[in-house]
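In the working numbering, the protein residues as written are 3 to 74.
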């Protein structure tokens, strides 16, 4: 998952907490920060290392959209 958002640390905190609650794990991440934007990339997996597929993937995509929409 790649996204950009305002450089507000609470956005990452909210996303990480929501992923943890859904037992979705961040295997790897990359961050680039400018004064105006946060550019973030997450490599996500299910609890046991399986890729996110089907309805589960849609659930996570919706999570990102709803969390990031008010911020952008």
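Even for Gly, the Cβ is constructed at its ideal location relative to N, Cα and C. Please read these numbers as outputs of a predicted model, since none were measured by experiment.
Query, Result
"Whose C-beta lies closer than 6 Å to the C-beta of residue 65 among residues of the same chain, with five residues either side of it excluded?", "20"
"Give me the Cα-Cα distance between residue 17 and residue 69, rounded to the nearest whole angstrom.", "7 Å"
"Quick test of the definition: if touching needs 3 or more C-beta pairs under 8 Å, does the stretch 37-44 touch the stretch 5-13?", "yes"
"From this set, 28, 34 and 72, which residue's C-alpha is nearest residue 48's C-alpha?", "28"
"Identify the residues that DSSP records as bridge partners of residue 31: which are they?", "44"
"Please classify residue 13 as buried or exposed, where buried requires at least 16 neighbouring CB atoms within 10 angstroms.", "buried"
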